[in-house]
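Trainee:
In the UniProt record's numbering, the protein residues as written are 1 to 299.
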C-alpha cells in the first residue's frame with residue numbers, strides 16, 4: 001500500500017479515459033453516516049434476533065439475503081447513489097451483527113433474552129467465543145486483502161470503478177463489520193469495561209488514528225481500513241448502550257425505539273447526501289487510456 005492509494009483523496013489513474021465513481025468521498029459526513037449505520041445495524045440485528053425471537057440462525061439467513069439483494073442493486077448502479085450505498089452498509093452491519101452472534105454465542109441462558117428458554121428455530125449458535133471468532137474473521141479479512149492486492153487493483157475507495165474491485169470492497173466490508181461486532185460485544189460483555197467504557201476506548205483508538213493521519217510514514221489507506229473496522233465496534237457498543245436495561249448499564253431505549261430513532265437519522269443523512277450529490281453532478285476520475293468520455297448517470 002502506498003500514499004498514491006490514499007483513501008481520502010481522488011488520485012487519478014494514468015491515462016485519459018474518464019470513469020464514473022460509484023463510491024463516496026471520505027469526509028466527516030461519511031464517518032457520521034458510517035457510525036449511524038453501524039449502530040442501527042446493531043440495534044436492528046438484535047431487534048430481529050432477540051426482541052422478535054427469530055434467533056441468530058434464521059435472522060442471519062434472512063439478513064444475508066437482504067445483503068445480497070441490496071448489493072446487487074449497488075453493483076448494477078452506474079454511478080454513486082447514497083441510498084444504494086448506505087443501504088448496503090446498513091445490510092452488512094445488520095448481517096454482521098447476527099453472523100457474529102451466531103459464531104460466538106451458544107444456547108446457554110447467558111446469551112438469551114430474559115425469560116426466554118429458546119431463541120428461534122435451528123441452532124442457537126456455534127459457541128466459538130469472541131477470541132476464536134475474531135481470529136477466524138481477522139484471517140478471512142487478511143485473505144481478502146491479499147487477494148485484492150494480488151489483483152493489482154487500488155485500495156482507495158474513491159478510485160474503485162470496476163466490478164471486481166467493488167466486489168472485493170464489499171466482501172471486505174461484510175467481514176470487517178462482522179469482526180467489528182465481535183470486538184464490540186467482547187468489550188461490552190467480557191472485558192469488564194461495560195457499554196460506555198467500551199465506546200470510550202474505541203473513540204480513543206479512533207482519535208489516535210486521526211493523529212496518525214498527519215504522519216507521512218503511515219499510509220492513509222491503511223488508516224482508512226483500520227478506522228472502518230473500528231467504527232463497527234463503536235456502533236456495537238453504542239447500540240448496546242442505547243438498548244440494554246439500566247440495570248446492565250444501558251439507557252433502556254429498547255431495540256424498537258433505538259432502531260426507529262437511528263433509522264430516521266440515517267435516512268435524513270442519506271437524503272442530504274443525495275441532494276448534495278445531485279447538485280455537484282457526476283463525479284469522474286481518469287482511468288485507463290483513450291479519449292475523455294462520460295458514462296451516462298442513471299436515475
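Idealized CB from N, CA, C, for every residue including glycine.
Is residue 177 helix, strand or coil by DSSP?
Mentor: Here residue 177 sits in helix by DSSP.
Trainee: Measure the C-alpha to C-alpha separation of residue 102 and residue 45 and round it to an integer number of angstroms.
Mentor: For residue 102 and residue 45, the distance between alpha carbons rounds to 12 Å.
Trainee: Using a Cβ-Cβ cut-off of 7 Å (strictly less than) and excluding sequence neighbours within five positions of residue 176, which residues of its own chain qualify?
Mentor: Cβ neighbours of residue 176 beyond the five flanking positions: 141, 228, 229 and 232.
Trainee: Judging by CA-CA distance, which residue of 53, 172, 89 and 223 is the nearest neighbour of residue 122?
Mentor: Closest by alpha carbon: 53.
Trainee: Between which two residues does the alpha helix (DSSP H) containing residue 279 stretch?
Mentor: Here the alpha helix (DSSP H) through residue 279 covers 254-280.
Trainee: Between residue 268 and residue 151, what straight-line distance do the alpha-carbon atoms span, to the nearest angstrom?
Mentor: Using only the alpha carbons, I get a separation of about 37 Å.
Trainee: Assuming residue 178 contacts residue 99 under a Cβ cut-off of 8 Å, what Cβ separation, rounded to an integer in Å, is found between them?
Mentor: About 5 Å; that satisfies the 8 Å criterion.
Trainee: What is the residue span of the alpha helix (DSSP H) that residue 200 lies within?
Mentor: Residue 200 -> alpha helix (DSSP H) spans 194-212.
Trainee: Does DSSP classify residue 149 as helix, strand or coil?
Mentor: The answer is helix: DSSP assigns residue 149 an H, G or I state.
Trainee: According to DSSP, is residue 160 helix, strand or coil?
Mentor: Correct three-state label for residue 160: coil.
Trainee: For residue 250 versus residue 242, is the C-beta spacing smaller than 8 Å?
Mentor: Yes, they are a contact pair.
Trainee: Report the option in 120, 273 and 279 whose CA atom is closest to the CA atom of residue 27.
Mentor: When only C-alpha atoms are compared, the closest one is 273.
Trainee: Three-state secondary structure (DSSP) at residue 124?
Mentor: Three-state result, residue 124: coil.
Trainee: What does the alpha-carbon distance come out to for the pair residue 80 and residue 209?
Mentor: Distance between the alpha carbons of residue 80 and residue 209: 27 Å.
Trainee: Going by beta-carbon coordinates alone, are residue 22 and residue 91 separated by less than 8 Å?
Mentor: Going by C-beta atoms, residue 22 is not nearer than 8 Å to residue 91.
Trainee: What span of residues does the alpha helix (DSSP H) with residue 52 cover, start to end?
Mentor: No alpha helix (DSSP H) contains residue 52, which DSSP labels as neither H nor E.
Trainee: Taking one C-beta from the stretch 129-140 and one from the stretch 181-190 each time, how about it: are there three or more such pairs within less than 8 Å?
Mentor: The stretch 129-140, when compared against the stretch 181-190, does touch it at the 8 Å Cβ threshold.
Trainee: Less than 7 Å between C-beta atoms, sequence neighbours within five positions excluded: which residues of the same chain meet that for residue 201?
Mentor: Answer for residue 201: 187 and 193, listed in chain order.
Trainee: Which residues in the same chain as residue 34 place their Cβ atom closer than 6 Å to its Cβ, once the five residues preceding and following it in sequence are excluded?
Mentor: So the list reads 231, once near-sequence residues are dropped.
Trainee: Residues in the same chain with beta-carbon distance under 6 Å from residue 214, minus the five sequence neighbours each way, listed in chain order, please.
Mentor: Closer than 6 Å at the Cβ level, and outside the excluded window around residue 214, lies no residue.
Trainee: How would you write the range of the alpha helix (DSSP H) that residue 229 sits in, first residue to last?
Mentor: Segment 220-243, the alpha helix (DSSP H) holding residue 229.
Trainee: Measuring only the C-alpha atoms, how far is residue 96 from residue 237?
Mentor: Those two C-alpha atoms are separated by around 14 Å.
Trainee: Should residue 168 and residue 147 be called a contact, given that it needs their Cβ atoms to be closer than 8 Å?
Mentor: Yes, the pair counts as a contact, with Cβ atoms nearer than the cut-off.
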